[in-house]
Every structure is written in C-alpha cells, then in structure tokens.
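**Q**
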Amino acid sequence: MDSKSDSKNLSAESWLRYADELGLAPFYLERPVQMGAFIAAPAAPIIAAAHESAIWQAPADDRAASSSLPALVAAVPKRVVETSSVAQKSAASQIFVPQVAAQSLFEERIENDSLDRIRQDITPTCTRCKLHKARKQIVFGVGNPEAQLVFVGEGPGRDEDEQGEPFVGRAGQLLTQMIGAMGLRRQDVYICNVVKCRPPENRLPEKDEIAICSPFLARQLAVINPKVICCLGACSAQTLLNTNQGISRFRGEWFDYRGSKLIATYHPAYLLRNPAAKAEVWKDLQKVMAVLGLHPPKKTKP
Ligand code: SF4
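So the sequence shown is numbered by the numbering used here: it starts at 8 and just counts up by one.
Structure, rendered in structure tokens:
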C-alpha cells in the first residue's frame with residue numbers, strides 16, 4: 008500500500024473513531040458517497056485597490072500548507088459565481104474539485120450544540136492526536152460566539168500555546184490591525200484554528216492531525232454560523248474546501264461553506280515576510296467588508 012493510501016486510511020479511521028466517540032459510528036455505514044466533478048466559473052472581480060494606510064508591518068514565518076479534511080466526509084464546496092458585468096468580462100477559469108464528496112456528519116447538526124459543549128468534548132487533556140505531546144494547553148478559539156465574521160488559521164504558535172488564545176503573537180498583532188482596518192474590534196469577530204494544539208517547532212499540522220481535530224472546527228463554525236468565514240492561509244482553506252490546490256489558485260474568491268460565504272486570503276505570518284502581499288490581502292478584506300456592510304474607520308487628524 009502506498010503512502011497516499013495509508014494517509015486516506017488513517018483519515019478514515021480517525022473520523023470513524025471520532026464518530027464512535029459520539030455514538031454515531033453507524034452513521035457512515037448508511038451514507039452514499041458521491042464523486043466530485045470539474046466545473047468552470049468566471050473569475051471574481053477585483054473590488055478595490057490596495058489600502059493606502061501604513062498598517063501591517065514586520066517579518067516572520069510563512070505558513071503554507073497542503074492538508075484537507077478526509078474526502079470521506081467532506082462536503083462539496085460551491086464557488087459563488089459572480090454575475091456582475093466585471094465578472095462576465097473576466098476569463099473563465101477552471102476551479103478545484105474535491106476528489107470525493109459525501110454528506111458530512113456535521114451537515115446534520117448536533118442538537119443543542121454550543122461552543123461550551125465543544126470545549127468540554129475536546130477536554131483540556133485531549134490526546135486524540137500526537138500534537139498533545141508537546142503542547143502546553145489547548146487553544147480553543149476566542150471572540151464573539153455570534154460573530155458574523157470568523158477567521159480561521161491553521162494552528163497555535165508558541166505565544167498562543169503560552170497564552171491559550173489564538174493569534175496573539177506577531178502575526179496575531181497584525182491580524183488585530185487588519186481587523187481594526189475593517190472597522191471592527193477583535194472582540195467583534197471569532198478567531199480559531201484548524202488544530203487546537205501547537206505543532207512542534209511551529210511546523211504545519213499534518214494530515215492525520217487535521218483529520219482528527221478539524222471536526223471540532225466544523226462544529227464551532229456550525230454553532231457560530233457566521234455570514235463570512237475568512238480562511239487565513241492555505242491550511243484552513245484547503246481543509247474547509249477539501250482541496251490540495253495552492254491558495255493562489257482560489258485566494259480572494261467566494262465559496263459556499265454550508266451556508267456561510269467563505270473566502271481565503273494569505274496568513275498574517277506570510278505577510279510579515281512578504282509585505283508586498285498586503286495589498287492583495289486588503290483587496291480580499293474589502294470584499295468581506297462589502298458583504299458585511301463595513302466601512303473603514305475614519306482617520307483622525309494628528
Ligand atoms: S490538536 Fe485537537 S485532537 Fe489533537 S490533541 Fe489537540 S485538541 Fe486533541
């Protein structure tokens with residue numbers, strides 16, 4: 008058996024173990040599996056030019072990833088096709104496709120689920136995946152439980168592991184600035200990660216770790232039910248959209264994620280090393296602002 012098959016089997020086993028914990032193991036045995044298909048859609052229009060202000064500065068580690076939810080349980084993401092004249096003039100482009108799609112456990116929402124219940128289900132001593140070995144504490148998520156906007160990163164770093172809160176290091180400070188530039192405060196949005204424990208040496212989460220932990224993310228998103236999900240970096244976008252495609256293929260475009268609009272942009276840590284990409288990210292954030300009816304705060308005169 009090759010490594011790809013091993014990985015798929017591992018993912019399937021992880022999900023079945025998780026379903027078994029919830030008493031839902033027979034769920035999958037009765038579910039039909041559907042194959043995905045290639046489709047084409049017009050490219051999304053560019054909404055606005057780059058932000059002129061001097062927000063967002065500094066360098067650090069880039070976090071790009073290539074992991075996805077196990078195909079066994081992933082829902083087919085649907086690109087939200089733009090119909091504006093700008094979009095119609097844009098060249099059609101082929102979009103990524105999930106390899107296999109089936110109905111998800113989390114499409115049938117857990118009755119009376121809540122963030123507190125999810126936190127309790129994880130438990131502070133979770134050992135479901137190997138990330139438990141080096142972590143100091145679980146980093147569950149923070150923010151408004153009824154937020155219209157949720158940011159999803161890949162996993163906690165050193166500072167987050169120390170403080171138990173996502174995005175509090177240098178990249179987190181940049182994210183806070185980005186949120187402020189949108190006319191919001193940190194406490195207005197919800198911020199979480201795909202995996203809840205810090206990967207050693209800040210490496211990317213591995214497929215088996217994502218497969219085991221990401222059901223908790225799916226539940227968090229189902230409970231919050233935000234209008235917009237903004238994926239920060241490849242890992243979260245690839246996980247939620249069930250694709251291995253590079254983020255540059257679909258960054259800044261809209262998708263449907265179980266009733267929420269999903270957009271992917273670069274991780275703030277990437278921006279710390281590549282400040283030139285801030286302009287692209289600002290375009291993405293302006294799209295989010297347009298959907299949420301937000302306006303940048305007025306600059307105060309010195
Ligand atoms: S990453 Fe998730 S599944 Fe793994 S030990 Fe931490 S909380 Fe548990």
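Think of the CB as a built atom: it goes at the ideal place given N, C-alpha and C, for glycine as much as any other residue.
(1) Counting Cβ pairs closer than 8 Å, one from the segment 190-201 and one from the segment 143-151, do we hit at least three?
(2) How long is the line joining the alpha carbons of lysine 234 and lysine 306, rounded to whole angstroms?
(3) Is there contact between the segment 274-291 and the segment 174-181, where contact requires at least three CB pairs shorter than 8 Å?
(4) List the residues that DSSP assigns as beta-bridge partners of valine 157.
(5) Considering only the beta carbon of each residue, do arginine 205 and lysine 294 sit closer than 9 Å?
(6) Between phenylalanine 262 and lysine 268, what straight-line distance do the alpha-carbon atoms span, to the nearest angstrom?
(7) Looking only at its own chain, which residues have a Cβ that is under 7 Å from the Cβ of serine 121, when we skip the five neighbours before and after it?
(8) Just to confirm the assignment, what range does the alpha helix (DSSP H) spanning aspartate 123 have?
(9) Taking 9 Å as the threshold (C-beta atoms), are proline 222 and cysteine 242 in contact?
(10) By alpha-carbon positions, which one of Leu228, Glu169, Ile198 ends up nearest to alanine 141?
(11) Restricting to Cα atoms, I'd like to know which of Ala188, Ile117, Asn249 is closest to methionine 296.
(12) Among Thr132, Cys133, Ala154, which residue has its Cα nearest to the Cα of isoleucine 236?
(13) Just confirm the distance between the C-beta atoms of methionine 185 and leucine 292, as a whole number of angstroms; I'd bet it's less than 8 Å.
(14) Cutting at 7 Å between CB atoms, please list the residues of its own chain near glycine 171, excluding the five before and the five after it.
(15) Restricting to Cα atoms, I'd like to know which of Ala244, Gly240, Arg258 is closest to lysine 290.
(16) Less than 9 Å between the beta carbons of valine 159 and cysteine 238, yes or no?
(17) With hydrogens ignored, establish whether the beta-carbon of cysteine 242 is closer than 8 Å to any heavy atom of the ligand SF4.
(18) Output the boundary residues of the alpha helix (DSSP H) element that contains tyrosine 277.
(19) Compare the C-beta of arginine 210 with all C-beta atoms of chain B and state if any pair is closer than 9 Å.
(20) Quick check: the Cα distance between alanine 283 and isoleucine 270, rounded to an integer number of angstroms?
(21) Quick check: what's the CA-CA separation for leucine 299 versus leucine 182?
(22) Once you ignore the five residues that flank isoleucine 198 on each side, which residues in its own chain have a CB closer than 7 Å to its CB?
(23) Which complete beta strand (DSSP E) runs does the segment 169-226 hold, if anything under 3 residues is left out?
(24) Note down the Cα distance separating proline 136 from aspartate 215, rounded to an integer number of angstroms.
**A** Checking against the coordinates, here is how it stands:
(1) Segment contact: the segment 190-201 against the segment 143-151, three or more CB-CB distances shorter than 8 Å; contact assigned.
(2) Taking the straight line joining both Cα atoms gives about 27 Å.
(3) Touching, per the Cβ criterion.
(4) DSSP, once it has assigned bridges, lists Tyr197, Ile236 as partnering valine 157.
(5) Their beta carbons are not under 9 Å apart, which means arginine 205 does not touch lysine 294 by this criterion.
(6) Distance from the CA of phenylalanine 262 to the CA of lysine 268, rounded to the nearest whole angstrom, comes to 6 Å.
(7) Non-local C-beta neighbours of serine 121 in its own chain, meaning closer than 7 Å and more than five positions away in sequence, comprise Val230, ordered along the chain.
(8) Residues 122-129.
(9) No.
(10) Of Leu228, Glu169, Ile198, the smallest CA-CA separation from alanine 141 is found for Glu169.
(11) Methionine 296 has its Cα closest to that of Ala188, out of Ala188, Ile117, Asn249.
(12) Cα-wise, what sits closest to isoleucine 236 is Ala154.
(13) Their Cβ separation, rounded to whole angstroms, is 6 Å, which keeps methionine 185 and leucine 292 in contact under 8 Å.
(14) A distance below 7 Å between beta-carbons, with the five flanking residues on each side excluded, links glycine 171 to the following residues of its chain, in chain order: Gln144, Val146.
(15) Ranking the options by Cα distance to lysine 290, first place goes to Arg258.
(16) Yes, Cβ-Cβ distance for valine 159 and cysteine 238 is below 9 Å.
(17) No, since every heavy atom of the ligand SF4 falls outside the 8 Å radius drawn around the Cβ of cysteine 242.
(18) Looking at the DSSP string, the run of the alpha helix (DSSP H) that includes tyrosine 277 is 275-280.
(19) Looking for chain B here will not work: only one protein chain is present.
(20) C-alpha separation (whole angstroms): 20 Å.
(21) Rounded to the nearest angstrom, the two C-alpha atoms are 18 Å apart.
(22) Within the same chain, Cβ atoms closer than 7 Å to the Cβ of isoleucine 198 are found at Gly148, Val149, Gly150, Phe158, Pro173, Phe174, the five residues on either side in sequence being excluded.
(23) Complete beta strand (DSSP E) runs here, min 3: 197-200.
(24) A small correction: the amino acid at residue 136 is cysteine; proline does not occupy that position in the sequence shown. Using only the alpha carbons, I get a separation of about 8 Å.
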